[in-house]
Each structure stands twice: as structure tokens, then as C-alpha cells.
Amino acid sequence: MLWGSGRKCKAIAARFVTAVNARNADALRDLVTPDFTYIDSWREGVTGRDRVIEGARLLFASDPDFRMEVETVSYSEPFVLMRGWINSANPDVGRRRAVWRARCEDGLIAEWQAWAEGHPPRFTRTYSPEATIDMSDRAAEAPSAP
3 MLWGSGRKCK AIAARFVTAV NARNADALRD LVTPDFTYID SWREGVTGRD RVIEGARLLF
63 ASDPDFRMEV ETVSYSEPFV LMRGWINSAN PDVGRRRAVW RARCEDGLIA EWQAWAEGHP
123 PRFTRTYSPE ATIDMSDRAA EAPSAP
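The opening position of the sequence shown corresponds to residue 3 in this note's numbering, with each subsequent residue numbered one higher.
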């Protein structure tokens, strides 16, 4: 049973990356829970599908070259851990090593945490400033291998 849930969560996370790379906010909406939480490298986050999707729309409009490039994927209950790169024409982002962690619930992504090397921009403050909250009490400071 555990293997099956891991395989399903990995597939949903892969679809999430595909939707980001296609800049398809509607597809993202279909992949996340109503209380979905996004947490950035600074351990700040936004909760609520509508808020996060609106932030994604702003990101896609301001940085149409933003892409996630996944090199490895692993699973350890309840997380999918992906490693790779983010690529952007925005000089503040550029090309950076990145790690993403997804937690699934009931066939959807409930939480997505991102880490990028260096000092990346504060995505939640940039794209959802009024909804950004400190998530350091529940967000990992650094990614851990499953």
C-alpha cells in the first residue's frame, strides 16, 4: 500500500512541475488541495489554493522563462523529494540548484516547499505579500533526503 501511495504522489508532483513549466495555473489548481500551502526558501508561506494560484499567475506573467528542471525524485512517507534546477531570465533568480518537497493528501498536493541555493528572492513576499506568513514552526530549514 505504501509503495502505491508513493508512486501516486510522485506522479502528481511530476504533473505539478509540468504545469509550472507550462505556466498553466488552471492545471495547478486541479492538482492541489483547497488548503494548499506553498513555502519558499525563506520559510515563509501562503496558505489557500486561490491565493497560491493567484501568486503563480503573477509569477508566470512576470517571468515567462521560469522553469523547474528535475534531475532526481525519491519518496519517503509522506514526502516526495525532488532535486534539480530552477531557471529564470530574471537576474535575481538566474539558474540555481533547487530542492522541492511535496506532501500529498487524498490524491492532491497539500504542501509544496522549495529551497534554492544562495539567497533567492522571497517568492511569497513578492507574489502574495498580503498573505505571506512565517512558516518556520512547520517548515524544514533545509531539505532532508528520504
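We put the beta carbon where it would ideally sit given N, CA and C, even for glycine. All of these numbers come straight from a predicted model, not from anything done at the bench.
- Straight across, the Cα-Cα distance linking D67 with S76 is about 26 Å.
- Between W87 and R99, the CB-CB gap stays under 8 Å.
- A straight line joining the alpha-carbon of D42 with that of D108 spans about 23 Å.
- When C-alpha distances from T49 are compared across G57, T39, I55, M84, the shortest belongs to T39.
- Here DSSP, grouped into helix, strand and coil, assigns R17 to helix.
- The alpha-carbon separation between E79 and D136 amounts to approximately 25 Å.
- DSSP places A27 within a helical segment (H, G or I) once states are collapsed to three.
- Across the set G96, E71, L110, S7, the C-alpha of L110 shows the shortest separation from the C-alpha of R51.
- In the structure shown, S76 falls within a strand segment according to DSSP collapsed to helix, strand and coil.
- For F68, no beta strand (DSSP E) encloses it, and the DSSP letter there is neither H nor E.
- Using a Cβ distance threshold of 8 Å, A104 and V82 count as a contacting pair.
- R97 sits exposed, since fewer than 16 C-beta atoms from the chains shown fall within 10 Å of its C-beta.
- Annotation: the continuous beta strand (DSSP E) that includes T35 extends over 34-41.
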